[in-house]
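Inspection log for the structure reproduced underneath, given as structure tokens.
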Amino acid sequence: MPRFGAIIDGKEVAKNIRKSLKPRIAALAEKAIVPGLAAVLVGDDPASATYVRSKARACEKLGIYSEVIRCDALLTQNELIEIVESLNSNDKIHGILVQSPVPSHIDELTVTVTINPEKDVDGFHPYNVGMMLLGYGGLLPCTPHGIIKLMRHYDIDPAGKEVVVVGRSNIVGKPVAAMLMQKCDMGNATVTVAHSRSKNLAEIARRADILIAAIGRPRAITADMVKEGAVVIDVGINRIEDTSTEKGYKIVGDVDFDGCGEKASYITPVPGGVGPMTIAMLLSNTVTAAEMTS
Ligand code: GUN
Numbered sequence: 334m335p336r337f338g339a340i341i342d343g344k345e346v347a348k349n350i351r352k353s354l355k356p357r358i359a360a361l362a363e364k365a366i367v368p369g370l371a372a373v374l375v376g377d378d379p380a381s382a383t384y385v386r387s388k389a390r391a392c393e394k395l396g397i398y399s400e401v402i403r404c405d406a407l408l409t410q411n412e413l414i415e416i417v418e419s420l421n422s423n424d425k426i427h428g429i430l431v432q433s434p435v436p437s438h439i440d441e442l443t444v445t446v447t448i449n450p451e452k453d454v455d456g457f458h459p460y461n462v463g464m465m466l467l468g469y470g471g472l473l474p475c476t477p478h479g480i481i482k483l484m485r486h487y488d489i490d491p492a493g494k495e496v497v498v499v500g501r502s503n504i505v506g507k508p509v510a511a512m513l514m515q516k517c518d519m520g521n522a523t524v525t526v527a528h529s530r531s532k533n534l535a536e537i538a539r540r541a542d543i544l545i546a547a548i549g550r551p552r553a554i555t556a557d558m559v560k561e562g563a564v565v566i567d568v569g570i571n572r573i574e575d576t577s578t579e580k581g582y583k584i585v586g587d588v589d590f591d592g593c594g595e596k597a598s599y600i601t602p603v604p605g606g607v608g609p610m611t612i613a614m615l616l617s618n619t620v621t622a623a624e625m626t627s
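Heads up: the sequence shown runs through residues 334 to 627, numbered per our numbering.
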């Protein structure tokens, strides 16, 4: 039997992060502040609805106030902007997120720049993106920050390593690459970003000491693309049809877990790897945003 890599337990690390937020929430309570998060969901995409529900539930469990604003898919861009503006001036709300993707008649950037950067707990506002790129921290994007927290927990130091990020989205690929190349603790990596137009993807991926898959294609990363002993981080959350399950689908990552696990030193499962960390970092950013007002 080939040896299987150590499985990174995102649920456990996320639990530790939530625990570390409790004294900070208690300190805010002494100042009569309850951190508050508003999530805006436009349309009825079932996956987005599930994510938003999970985010709200995680808030409730920790004593963070949450509001979910569900809007019809036909909501106009101006109506969405008005919702965001009213949340900007709502003192109960310290964090605002508009679940992505929004319907195609809405320009996401126009809406994102309307969010007060101090309430931008997704870290998507160009101000926060710029600060992150310049290495000033602030409200960092949740999934990339969660990946870094996971690596830190398992003593996986990216300094001097070859990191290959597969995927160049604004939510994951671009920011995680920027964060890992920073001249700072948990940075200093040599980062390559590969994507759908890259030639010889397998060859590039095989260079990675740390391979981060964020392409959004089920099991696209196969064992032949992984170097022996690499750390494999799977950011994918893909629904694939599975008639043997009650729901008729199951969730798989961007990585062929069984195949790649036989080569990896560490590997994240899906579910239970990066996903729980995204939510934990959202809670953390909401608490940070509330602290900034106190
Ligand atoms: N869609 C997929 N991931 C995210 C996220 O982290 N935040 C928001 N707002 N939308 C998403």
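Here a beta-carbon is modelled for each residue, glycine too, at the ideal position from N, C-alpha and C. Just so it is clear, the structure is predicted and the values come from calculations on it, not from any experiment.
| Can you name the residues that DSSP bridges to N571? | As a working note, residue 571 is residue 238 in the sequence shown. Per DSSP, V585.
| said: Closer than 8 Å is the cut-off here; do at least three beta carbon pairs connect the region 437-452 with the region 557-574? | reply: no
| said: Any heavy atom of ligand 1 closer than 7 Å to the beta-carbon of C392? | reply: Here residue 392 refers to the residue found at position 59 when the sequence shown is read from its first residue. Because no heavy atom of ligand 1 lies under 7 Å away, the Cβ of C392 does not count as near it: no.
| task | State yes or no: is the C-beta of I554 within less than 8 Å of the C-beta of V499? | result | For this step, residue 554 is matched to residue 221 along the sequence shown. For this step, residue 499 is matched to residue 166 along the sequence shown. Yes.
| said: Can you list, in chain order, the residues of its chain with a C-beta nearer than 6 Å to that of G396? Leave out the 5 residues immediately preceding and following it. | reply: Taking the sequence shown and counting its residues from 1, the one referred to as residue 396 is at position 63. Within the same chain, G396 has close Cβ partners I358.
| said: Any residue with its Cβ nearer than 5 Å to a heavy atom of ligand 1 should be included. What is that list in chain order? | reply: L430, Q432, S433, D455
| request: Quick one: grab the DSSP three-state call for C404. | output: Locating residue 404 in the sequence shown gives position 71, where the first residue counts as 1. The answer is strand: DSSP assigns C404 an E or B state.
| Could you check where the beta strand (DSSP E) with T525 kicks off and where it finishes? | For this step, residue 525 is matched to residue 192 along the sequence shown. It spans 523-527 - the beta strand (DSSP E) in which T525 sits, taken as one unbroken run.
| said: Can you confirm whether the region 539-546 touches the region 478-496 when touching is taken to mean that 3 or more C-beta pairs between the two stretches lie within less than 8 Å? | reply: yes
| request: Would you kindly report the start and end of the unbroken beta strand (DSSP E) that includes I545? | output: As a position in the sequence shown, residue 545 is number 212, starting the count at 1. Its beta strand (DSSP E) spans residues 543-546.
| Measuring CA to CA, which of M614, V607, T619, T611 is closest to I340? | Sequence index remark: in the sequence shown, residue 340 carries index 7 (1-based). Of the listed residues, the one whose Cα sits closest to I340 is V607.
| said: Tell me which residue opens and which closes the beta strand (DSSP E) that G369 is part of. | reply: Counting from one through the sequence shown, the residue named residue 369 turns up at place 36. Element bounds for G369: 369-375.
| field | Beta-carbon contacts of A492 that lie in its chain and below 6 Å, excluding the five residues immediately before and after | value | Taking the sequence shown and counting its residues from 1, the one referred to as residue 492 is at position 159. If we look at A492 and ignore the five residues flanking it on each side, its Cβ neighbours are N521.
| Helix, strand or coil for L430 per DSSP? | Taking the sequence shown and counting its residues from 1, one reaches residue 430 at position 97. If DSSP states are grouped into helix, strand and coil, L430 belongs with the strands.
| query | For the putative contact between A613 and V564, defined by C-beta atoms under 8 Å, what is the C-beta separation to the nearest angstrom? | reply | To locate residue 613, count along the sequence shown from 1; it is residue 280. To locate residue 564, count along the sequence shown from 1; it is residue 231. The pair is not a contact, with the Cβ atoms about 20 Å apart (cut-off 8 Å).
| message | I'd like the ranges of any alpha helix (DSSP H) spanning at least 4 consecutive residues and lying wholly in the region 493-523. | response | 506-514
| task | Determine contact between the region 374-389 and the region 399-416, defined as no fewer than three beta-carbon pairs at a distance below 8 Å. | result | A contact between stretches requires three or more CB pairs, one per stretch, nearer than 8 Å, and the region 374-389 meets this requirement with the region 399-416.
| Would S577 be called buried (16 or more neighbouring beta carbons within 10 Å of its own) or exposed? | Here residue 577 corresponds to residue number 244 of the sequence shown, with the count starting at 1. Classification for S577: exposed.
| message | Once DSSP output is grouped into helix, strand and coil, what is the label at Y398? | response | Within the sequence shown, numbered from 1, the residue matching residue 398 stands at position 65. Residue state, collapsed to three classes: strand.
| said: What does the Cβ neighbour count give for M484, buried or exposed, with the cut at 16 atoms within 10 Å? | reply: Residue numbering aside, residue 484 sits at position 151 when the sequence shown is read from its first letter. Burial call: buried.
| Bridge-paired residues (DSSP) for V565 | Locating residue 565 in the sequence shown gives position 232, counting from the first residue. Partner(s): L544, I600.
| message | For Q515, which residues in the same chain have their Cβ closer than 6 Å to its Cβ, ignoring the five residues on either side in sequence? | response | Here residue 515 refers to the residue found at position 182 when the sequence shown is read from its first residue. G468.
| message | Under DSSP, the alpha helix (DSSP H) around G479 begins and ends at which residues? | response | Counted from its first residue, the sequence shown places residue 479 at position 146. First-last of the alpha helix (DSSP H) with G479: 475-486.
| field | Pair within 8 Å by beta-carbon distance, C404 and L615 | value | Walking along the sequence shown from the start, residue 404 turns up at place 71. Walking along the sequence shown from the start, residue 615 turns up at place 282. No.
| request: Indicate whether A538 and M558 have their beta-carbon atoms separated by less than 8 Å. | output: Locating residue 538 in the sequence shown gives position 205, where the first residue counts as 1. Locating residue 558 in the sequence shown gives position 225, where the first residue counts as 1. Against a cut-off of 8 Å, the Cβ pair of M558 and A538 comes out as a contact.
| said: Rounded to the nearest angstrom, what separates K560 and S419 at their Cα positions? | reply: Translated into positions along the sequence shown, residue 560 becomes position 227. Translated into positions along the sequence shown, residue 419 becomes position 86. Rounded to whole angstroms, K560 to S419 spans 50 Å at the Cα level.
| message | Considering only the alpha carbon of each residue, which of T611, V588, G369 lies closest to K344? | response | Mapped onto the sequence shown, residue 344 falls at position 11. Considering only T611, V588, G369, the residue with the shortest C-alpha distance to K344 is T611.
| First and last residue of the alpha helix (DSSP H) that includes G463? | For the purposes of this step, residue 463 is taken as residue 130 along the sequence shown, with counting starting at 1. 459-467 is the extent of the alpha helix (DSSP H) around G463.
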